[in-house]
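One structure below.
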Amino acid sequence: MDIVSDPPISVKIDQMKERVLWQHPLIVERGIDQTRLAFADNWADSPEFSFLVIGDTGSGPHQDCDPQRQIAQYMLEHSDSCRFLLHTGDVIYLVGSREHYQEKFIKPYREFLLGGEQPHRLAYDRMVFNLPFLPVLGNHDYYNLPFLFGLLNQVTLPLRRLLGLEVNLHIGWHGSAQGDAYARAFMDYLKALDSNSQLCRHLESHYTAKTDSGRC
Numbered sequence: 006m007d008i009v010s011d012p013p014i015s016v017k018i019d020q021m022k023e024r025v026l027w028q029h030p031l032i033v034e035r036g037i038d039q040t041r042l043a044f045a046d047n048w049a050d051s052p053e054f055s056f057l058v059i060g061d062t063g064s065g066p067h068q069d070c071d072p073q074r075q076i077a078q079y080m081l082e083h084s085d086s087c088r089f090l091l092h093t094g095d096v097i098y099l100v101g102s103r104e105h106y107q108e109k110f111i112k113p114y115r116e117f118l119l120g121g122e123q124p125h126r127l128a129y130d131r132m133v134f135n136l137p138f139l140p141v142l143g144n145h146d147y148y149n150l151p152f153l154f155g156l157l158n159q160v161t162l163p164l165r166r167l168l169g170l171e172v173n174l175h176i177g178w179h180g181s182a183q184g185d186a187y188a189r190a191f192m193d194y195l196k197a198l199d200s201n202s203q204l205c206r207h208l209e210s211h212y213t214a215k216t217d218s219g220r221c
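Residue numbers for the sequence shown follow the working numbering, so the first one is 6 and each next one is one higher.
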């Protein structure tokens, strides 16, 4: 049995389409292009710009250091001169679980989050960034974790600590639920809206930018 499993591409696509209500009638009738993203910024006035790039993050603190925290502190020195931050994938290692967002993302990158001065109060699915943060899904953000391995890891954790075994499997109780944790953290999770009336209000409030292919 594999420690982790990667869903088929077709399953990944179907799950994500369901979460964002892909081509829902209320979205289509408003001419909303779900493939577009617009920044509320006067970028056209300055065609030259800089941006930050990171990737393969989310391993969390090591025994003697916290690499992600060090990277975040270095990026802070350049954030004022950059327009956005691009994350190239694998936000949460190993299995993209929601239970790891606090230690492996929110705390290390707290200065990039509104309310980050109290990171313990931030929920992974309620994050608001003070700099456009554009994460790309990596394979680890899609992984599923068999229940047996999650249970085994949790049951043996006290014993490993007692014996001083420096073995960090980077897993908890469960995996990403086929990318669900990432979708709730970084995407517009329209599936969570309870009714069409709520969806209408949300679309009218947030999908206001006009492009040559429709609203976004």
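For every residue, glycine included, the Cβ atom is placed at its ideal position computed from N, Cα and C. Bear in mind that the values here come from a model prediction, so they are computed numbers and not experimental data.
- By the CB criterion at 7 Å, valine 141 and threonine 213 fall outside the cutoff.
- For histidine 92, the enclosing beta strand (DSSP E) has its first and last residue at 90-92.
- Around histidine 105, the same chain offers Ile97 as residues with beta carbons nearer than 6 Å, after the five sequence neighbours per side are excluded.
- For asparagine 201, same chain residues with a beta-carbon under 7 Å away, outside a window of 5 residues either side, are Leu31 in chain order.
- Under DSSP, lysine 215 takes part in a beta bridge, and its partners are Arg220.
- Lysine 196 and leucine 26 do touch by the CB rule: their CB atoms are close to 6 Å apart, below 8 Å.
- Look at the beta carbons and you see the stretch 175-188 not touching the stretch 131-138: under three pairs across the two are nearer than 8 Å.
- With respect to the 7 Å criterion, alanine 77 and tyrosine 114 are classified as neighbours on the basis of their beta carbons.
- In the three-state DSSP reduction, phenylalanine 134 falls in the strand class (E or B).
- Comparing C-alpha distances from isoleucine 176 to each of Pro163, Ala190, Asp19, Ser64 shows the shortest one belongs to Ser64.
- By alpha-carbon distance to valine 100, the top candidate from Leu198, Thr62, Glu23, Arg74 is Thr62.
- By the Cβ-count criterion, histidine 145 is buried, with 16 or more other Cβ atoms from all chains shown falling within 10 Å of its own Cβ.
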